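A.B. asks:
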Amino acid sequence: MQVKDIDRTRSAELYEKAKTYFPGGVNSPVRAFKSVYGTPLFIEKGDGSHIWDADGNEFIDFCCSWGPLILGHNHPAVREKVIEVMQKGMSFGAPTALESELAELILSNNRFIEKIRFVSSGTEAVMSAIRLARGYTKRDKVLKFEGCYHGHSDSLLVKAGSGLVTFGETSSAGVPKAFADETVVVSLNDKKALQEAFEEFKGQIAAVIIEPVPANNGLLLQSKEYLQYLRDICTQNSTMLIFDEVISGFRVGFEGAAGYYGIEPDIITYGKIIGGGLPVGAYGASADVMSHISPEGSVYQAGTLSGNPVAMAAGIAQLSELLKPGFYEDMQAKTQSFVNDIQNFVAERNYQFKVFTIGSVFWFAFTDQESVSRAEDIDPASMAKFKLMHHELINRGIYLGPSGYEVGFISAAHTKADLEKTKTAIFDSIDIVFKSSV
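For the sequence shown, the working numbering assigns the number 517 to the initial residue and increments by one for each residue that follows.
(1) Compute the Euclidean distance between the alpha carbons of Ser814 and Gly667, then round it to the nearest angstrom.
(2) Quick check: Gln752 and Ser889, are their CB atoms within less than 8 Å of each other?
(3) Taking C-alpha atoms, which residue in Lys951, Ile946, Leu659, Ala798 lies nearest to Phe880?
(4) Three or more beta-carbon pairs under 8 Å between the region 844-858 and the region 611-627, yes or no?
(5) Would you report the Cα separation of Gly677 and Gly540, rounded to the nearest angstrom?
(6) Let me know the alpha helix (DSSP H) ranges lying completely inside the region 774-812, each 4 residues or longer, listed in chain order.
(7) Going by DSSP, which residues form a beta bridge with Ile632?
(8) Could you have a look at Lys520 and say whether DSSP puts it in helix, strand or coil?
(9) Whose C-beta lies closer than 6 Å to the C-beta of Tyr816 among residues of the same chain, with five residues either side of it excluded?
(10) Whole angstroms is fine: what's the gap from Gln834's alpha carbon to Gly875's?
(11) Between the alpha carbons of Pro989 and Gln711, how many angstroms are there, rounded?
(12) Which residues bound the alpha helix (DSSP H) around His907?
(13) Where does Asp569 fall in DSSP's three states?
(14) Can you give me the start and stop residues for the beta strand (DSSP E) that Phe872 sits inside?
(15) Thinking Ile790 and Gly831 are a contact (beta carbons under 8 Å), I'd like their distance in whole angstroms, please.
(16) If we ignore side chains and look at the alpha-carbon of each, how far apart do Ala610 and Ser636 end up?
(17) On the three-state DSSP scale, how would you describe Val954?
(18) Report all residues from its chain with a CB closer than 7 Å to the CB of Val855; omit the five preceding and five following residues, and keep chain order.
(19) Quick check: the Cα distance between His591 and Lys788, rounded to an integer number of angstroms?
(20) Across which residues does DSSP place His589 in a beta bridge pair?
(21) Specify whether the region 716-729 and the region 859-869 touch according to this definition: at least 3 beta carbon pairs, one from each stretch, less than 8 Å apart.
(22) Nearest by alpha-carbon distance to Val805: which of Gly819, Lys707, Asn911, Ile646 is it?
(23) Sort Asp893, Phe869, Ala891 by Cα distance to Thr883 and report the nearest one.
(24) Would you say Ser927 and Gly588 are within 8 Å of each other, going by their C-beta atoms?
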């Protein structure tokens with residue numbers, strides 16, 4: 517049964533005002549709701565698993581600020597730690613003890629990195645990791661995979677061209693062709709393409725970068741065997757393997773995908789989850805590799821807000837919660853039960869719909885494929901179905917990211933009642949989608 521559209525009057529007013537100040541009315545493109553029905557929601561507050569928009573509509577949130585809010589919104593421990601630190605000052609551009617406290621918390625519970633450098637975003641972390649790999653290997657080319665997103669730095673904002681192995685083609689205006697020419701793009705889960713790339717550019721590839729859990733273009737889960745193959749071929753060619761764990765880091769376990777799969781990359785990048793959702797990122801590696809970063813080494817990287825005390829405080833509070841006994845087991849059980857119930861519902865009705873999941877991350881796909889491991893496996897026509905589903909869920913008080921290519925997240929704040937209400941809304945919405953002509 518369809519329900520009445522929610523009131524978006526105030527959000528619409530705010531959107532019109534925002535369009536006079538910002539390109540497209542937003543400060544990040546996906547927020548414009550171009551992929552789904554309706555006016556973008558302007559959010560006023562969040563608490564636990566819920567958010568409220570400017571019209572007073574309440575939603576159960578499965579976007580979680582695109583993943584970092586693993587404890588939910590406004591978690592008391594995070595809030596109190598942030599307030600405590602803010603009362604002493606918010607930014608100094610100088611070292612603080614909080615930086616070392618957060619670093620120790622991460623490094624003492626991670627087998628894969630020995631030193632870390634804090635930056636201000638996931639994009640900056642990846643950009644710095646690429647520079648480090650180039651400086652360490654004294655090579656220029658970087659190999660990435662179609663369907664993996666690594667932020668909006670010039671050398672990685674590229675897509676595959678025609679052919680099995682290609683130089684990247686810029687996917688944004690303003691990216692010089694010379695930048696794209698240093699980036700080689702191949703399909704995920706294609707060993708032949710990878711082998712040909714290393715043969716064609718022998719001795720030239722500084723790094724292979726991959727989301728070990730590709731989650732920016734659907735949830736393109738890779739096998740452990742394939743990730744191990746990446747590790748092996750990189751080792752054979754003296755090429756660095758970079759795991760971009762901006763999404764998977766601390767989501768699929770405290771050690772991220774590296775720990776989940778038991779595969780050691782050369783460099784790992786992390787995102788805002790290490791700072792409770794505040795503007796922060798990090799990259800880490802062995803002590804030897806990190807010794808090449810300035811001021812110790814010749815690879816330059818700096819930032820006024822790197823290691824800022826507010827983000828460090830939030831990170832200490834959040835990661836301390838994640839280290840409590842049973843945290844990840846509880847998250848896994850909650851997510852798996854949620855996913856299984858949805859999968860059972862669609863299976864009983866023979867709907868072409870799958871839920872893919874790892875850790876507390878999930879993705880809804882209108883497909884009958886048992887696995888989707890490459891960007892090419894996603895049918896663009898299926899996005900019309902997601903568009904209708906998203907619209908119905910919004911009207912039922914359920915908030916997913918406004919794109920069918922985006923994943924969803926479960927937080928520690930989601931209660932059994934939240935998930936039961938959400939499942940009912942999903943069942944009703946899926947029924948409407950498959951009974952429609954979309």
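No residue lacks a Cβ here, since even glycine has one placed at the ideal position from N, Cα and C.
Model, not experiment: these values are computed from the prediction.
C.D. replies: By the coordinates alone:
(1) 24 Å
(2) No, these two residues do not count as a Cβ contact at 8 Å.
(3) Minimum Cα-Cα distance from Phe880 among the listed residues Lys951, Ile946, Leu659, Ala798 corresponds to Ile946.
(4) With a cut-off of 8 Å, the region 611-627 and the region 844-858 do not count as touching, because too few Cβ pairs lie within range.
(5) With a pLDDT of 36 at Gly677, under the threshold of 50, the modelled position of that residue is not reliable, and no figure is offered here.
(6) Within the region 774-812, complete alpha helix (DSSP H) segments of at least 4 residues are found at 803-806, given in chain order.
(7) Gly800
(8) coil
(9) For Tyr816, the CB contacts under 6 Å within the same chain, skipping 5 residues up- and downstream, are Ser810 in chain order.
(10) Gly875 has its alpha-carbon roughly 17 Å from the corresponding atom of Gln834.
(11) Nothing can be reported for residue 989, as the shown portion of the chain is limited to 517 through 954.
(12) 899-911
(13) strand
(14) 870-874
(15) 5 Å
(16) C-alpha of Ala610 to C-alpha of Ser636: approximately 15 Å in a straight line.
(17) coil
(18) Val871, Thr873, Phe878
(19) 15 Å
(20) Gly564
(21) Look at the beta carbons and you see the region 716-729 not touching the region 859-869: under three pairs across the two are nearer than 8 Å.
(22) Ile646
(23) Phe869
(24) yes
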